[in-house]
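Asks: Listed in order, the protein sequences are those of chains A and B.
The opening position of the first sequence corresponds to residue 1 in the numbering used here, with each subsequent residue numbered one higher.
The opening position of the second sequence corresponds to residue 176 in the numbering used here, with each subsequent residue numbered one higher.
Here a beta-carbon is modelled for each residue, glycine too, at the ideal position from N, C-alpha and C.
I am attaching a structure below and will ask some questions about it afterwards.
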Amino acid sequence: MKSEFAFIALPISALVAPSAFAVQYLTVDQAQRAIFPGKSLTAAPVKLAPAQRRAIEQASGVRVLRDEQQAWSVSGGGWFIVDEVVGKHEFITYAVGLNANGSVKQIEVMDYRETYGGEIRNEHWRDQFVGKTSRSPLKLDRDIKNISGATLSCRHVTDGVKRLLAFYEIALKRS
Amino acid sequence: MRTKQKLEIRRCRPLLGTFVEIQAFGSNADDLEDAIEAAFLAIAQVHRLMSFHYHESDISRMNRDAHYKAVRVHGWTWRVLKSAQEFSRNTDGIFDVTMARQLVKWNYLPKYRGRLGRGSWRDIIFEANGRVRFRRPLLIDFGGIAKGFAVDRAVEVLKCKPVMAGIVNAGGDLRVFGSASQVVHLRHPAQPKSTVGAVRLRQRAIATSGVYFARTKNRCRYMSPILNARTNRAAYDLISVTVGAANCMTADALTKVVFALRERAAPLLARYSADALLLEQHGRPSWMFHPTCDASRQS
Numbered sequence: 001m002k003s004e005f006a007f008i009a010l011p012i013s014a015l016v017a018p019s020a021f022a023v024q025y026l027t028v029d030q031a032q033r034a035i036f037p038g039k040s041l042t043a044a045p046v047k048l049a050p051a052q053r054r055a056i057e058q059a060s061g062v063r064v065l066r067d068e069q070q071a072w073s074v075s076g077g078g079w080f081i082v083d084e085v086v087g088k089h090e091f092i093t094y095a096v097g098l099n100a101n102g103s104v105k106q107i108e109v110m111d112y113r114e115t116y117g118g119e120i121r122n123e124h125w126r127d128q129f130v131g132k133t134s135r136s137p138l139k140l141d142r143d144i145k146n147i148s149g150a151t152l153s154c155r156h157v158t159d160g161v162k163r164l165l166a167f168y169e170i171a172l173k174r175s
Numbered sequence: 176m177r178t179k180q181k182l183e184i185r186r187c188r189p190l191l192g193t194f195v196e197i198q199a200f201g202s203n204a205d206d207l208e209d210a211i212e213a214a215f216l217a218i219a220q221v222h223r224l225m226s227f228h229y230h231e232s233d234i235s236r237m238n239r240d241a242h243y244k245a246v247r248v249h250g251w252t253w254r255v256l257k258s259a260q261e262f263s264r265n266t267d268g269i270f271d272v273t274m275a276r277q278l279v280k281w282n283y284l285p286k287y288r289g290r291l292g293r294g295s296w297r298d299i300i301f302e303a304n305g306r307v308r309f310r311r312p313l314l315i316d317f318g319g320i321a322k323g324f325a326v327d328r329a330v331e332v333l334k335c336k337p338v339m340a341g342i343v344n345a346g347g348d349l350r351v352f353g354s355a356s357q358v359v360h361l362r363h364p365a366q367p368k369s370t371v372g373a374v375r376l377r378q379r380a381i382a383t384s385g386v387y388f389a390r391t392k393n394r395c396r397y398m399s400p401i402l403n404a405r406t407n408r409a410a411y412d413l414i415s416v417t418v419g420a421a422n423c424m425t426a427d428a429l430t431k432v433v434f435a436l437r438e439r440a441a442p443l444l445a446r447y448s449a450d451a452l453l454l455e456q457h458g459r460p461s462w463m464f465h466p467t468c469d470a471s472r473q474s
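Written out as structure tokens, the structure reads:
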């Protein structure tokens, strides 16, 4: 079969609209099964004390924005943690699976939404995204499935994982 | 005959310093999950071998030691380095993976404790048994071509599995394989939150380069990590270059060359049977190149 490369210009109206690119890859349930197949997980959310927050910030060098962290303990050892990061251009929910010894087993992006400039600081605007599922996609997203463009850094997720590893040491690890 | 329902599985992981997304289409969910997992493992392997940031990668070991002694590298690193040399030769040094020195100076790469060196691609020597030596101190960073190479390896893995079609996208370097054609949107070169158009692809790789996410201003001068190695100048125009090629590593390397040469890159694109699309700051294409149509026009 022949390869194909054809450019399709968009009408001006489409140009004006922001792309609001968003994808849901996994729900919490699916992420749990993807990282820990066949294991049973028990919810164990953690509320951080101010001293713990400071300790995590000191250990990781990354700011802790919330004092609550969603976590699950895994049968036979290990942890499953769901976290969110706000980047310069993106708003990401991701899951991290930790082995029983606290090393990273797997990282999966669950939700990826692109945001720009001051929009994310506007709580009202952000609320539109909270609780969005694949059943209620934003209208504009529907046609954009893939984007090619300059590389976006994943530094915020990398920093988030650093913070979660410190969170594990300080709040989850059982001595 | 029972018609099998076509399933789609889509996963995304942070790798290679960006978001890597794999979509696979097929008839069995477990098969697709396994295939995607195997493809991610190949990408993680490329990440471990070719990261400038990771201390024990082939790249870091070469940058540290190859000036003093021959450094043995993995077959994959060898292949990318060989291809990089070929691109450097074919572009007379406009493409050069030893420009990491400049990117460190401009803070696009982390501070480097050792010597930055002054060597170029011409100082890389390939010895027997997968060993590499540098004639002068220098720093290599594969940048986008490692991303392209990782995409190609992932596609190779997926093609060996029961997957009908798929897409691997490493931060905009992407490749489509299988019977289905896919539509890929392109960002507006000056307003990256908007898309200006799309490319329909089948069995082809594309890469787009633009400076919109990385451009910074330093002492009233714009900087970006895309630079012409021959002039040492950074590209700062808000244009974008999209190149289509048979594999993703070639597509990525050629975007940098088109950034520097624009229309003058046509003979090189033809040599690699690559397509190119240049979008100007206002978002309209100013130049398109298709190797096959151009060839037929000439004949």
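Whole angstroms are fine: how far does the CA of L207/B sit from the CA of V343/B?
Replies: 13 Å
Asks: Kindly list, in the order they appear in chain B, the residues whose Cβ is closer than 7 Å to that of E68/A.
Replies: Near E68/A there are no residues of chain B at all, since even the closest Cβ is about 23 Å away, more than 7 Å.
Asks: What three-state label does DSSP hand K47/A in the structure shown?
Replies: strand
Asks: According to DSSP, simplified to helix, strand and coil, what is M424/B?
Replies: Helix, per DSSP.
Asks: Determine which residues of the segment 367-380 of chain B have a Cβ less than 8 Å from any Cβ of chain A, and write them out in chain order.
Replies: P367, K368, S369, T370, V371, G372, A373, V374, R375, L376, R377, Q378 and R379
Asks: Name the two residues that bound the continuous alpha helix (DSSP H) containing E261/B.
Replies: G250 to N265
Asks: List the endpoints of the continuous alpha helix (DSSP H) containing V279/B.
Replies: For V279/B, the enclosing alpha helix (DSSP H) has its first and last residue at A275 to K280.
Asks: In this structure, does DSSP put Y112/A in helix, strand or coil?
Replies: Residue state, collapsed to three classes: strand.
Asks: Could you please tell me which residues of the segment 179-203 of chain B, in chain order, have their CB closer than 7 Å to any CB of chain A?
Replies: R185, R186, C187, R188, P189, G192, T193 and F194
Asks: In this structure, does DSSP put N238/B in helix, strand or coil?
Replies: helix
Asks: Can you check whether the CB of L361/B is closer than 8 Å to the CB of A373/B?
Replies: yes
Asks: Counting only beta-carbon separations shorter than 8 Å, does V157/A have a partner in chain B?
Replies: yes
Asks: Kindly indicate which three-state DSSP category F301/B falls into: helix, strand or coil?
Replies: strand
Asks: Is E108/A close to chain B? Criterion is C-beta to C-beta, closer than 8 Å.
Replies: yes
Asks: Quick one: list the residues of chain A neighbouring D477/B, beta-carbon separation under 8 Å, in chain order.
Replies: Given that chain B is displayed from residue 176 to residue 474, the structure contains no residue 477/B and the question cannot be resolved.
Asks: Going by beta carbon distance, what residues of the same chain come within less than 6 Å of R161/B, once the five residues before and after it are set aside?
Replies: Outside the shown range of chain B (176 to 474) lies residue 161/B, about which nothing can therefore be said.
Asks: Consider the Cβ of T42/A: report whether some Cβ of chain B lies at a distance smaller than 8 Å.
Replies: no
Asks: So which residues of chain B does S103/A contact, with C-beta pairs closer than 9 Å?
Replies: Correct list: empty, because the minimum Cβ distance to chain B is about 14 Å.
Asks: May I have the straight-line CA-CA distance separating A241/B from F270/B, to the nearest angstrom?
Replies: 21 Å
Asks: F317/B and V272/B - do their beta-carbons sit closer together than 8 Å?
Replies: Their beta carbons are under 8 Å apart, which means V272/B touches F317/B by this criterion.
Asks: Closest to A219/B by CA distance: which of I107/A, K145/A and E4/A is it?
Replies: I107/A
Asks: Could you tell me the distance, in whole angstroms, from the CA atom of G458/B to the CA atom of I401/B?
Replies: 19 Å
Asks: Are S258/B and M463/B close, meaning C-beta to C-beta below 8 Å?
Replies: no
Asks: For D233/B, I'd like the list of residues in its chain whose CB is within less than 8 Å of its CB, leaving aside the five on either flank, ordered along the chain.
Replies: L224, M225, V246, V248, H249 and T252
Asks: Kindly confirm or deny that the segment 45-62 of chain A and the segment 88-103 of chain A touch, where touching means at least three C-beta pairs closer than 8 Å.
Replies: no
Asks: For R185/B, which beta-bridge partners are listed by DSSP?
Replies: Partner(s): Q198/B.
Asks: For K244/B, I'd like the list of residues in its chain whose CB is within less than 8 Å of its CB, leaving aside the five on either flank, ordered along the chain.
Replies: The residues R308, in chain order, have a CB closer than 8 Å to that of K244/B in the same chain once the five nearest residues on each side in sequence are set aside.
Asks: Let me see if you follow: with CB-CB separation under 8 Å, is N422/B close to chain A or not?
Replies: By this cut-off, N422/B is not an interface position.
Asks: Tell me whether T193/B sits in a helix, a strand or coil according to DSSP, three-state version.
Replies: strand
Asks: Enumerate in chain order the residues of its own chain whose CB-to-CB distance from A166/A is below 6 Å, with the five nearest sequence positions on each side excluded.
Replies: I56, A59 and S60
Asks: Secondary structure at K368/B, three-state DSSP: helix, strand or coil?
Replies: Here K368/B sits in coil by DSSP.
Asks: If you draw a straight line from the C-alpha of L26/A to the C-alpha of V82/A, how long is it?
Replies: 11 Å
Asks: Answer yes or no: does any C-beta atom of chain A fall closer than 8 Å to that of P460/B?
Replies: yes
Asks: For A355/B, collect the residues of the same chain with a Cβ closer than 6 Å to its Cβ; drop the 5 residues on either side in sequence, then sort them by chain order.
Replies: Within the same chain, A355/B has close Cβ partners A340.
Asks: Which residues does DSSP pair with M463/B in a beta bridge?
Replies: Partner(s): L452/B.
Asks: For S356/B, does the three-state DSSP call read helix, strand or coil?
Replies: coil
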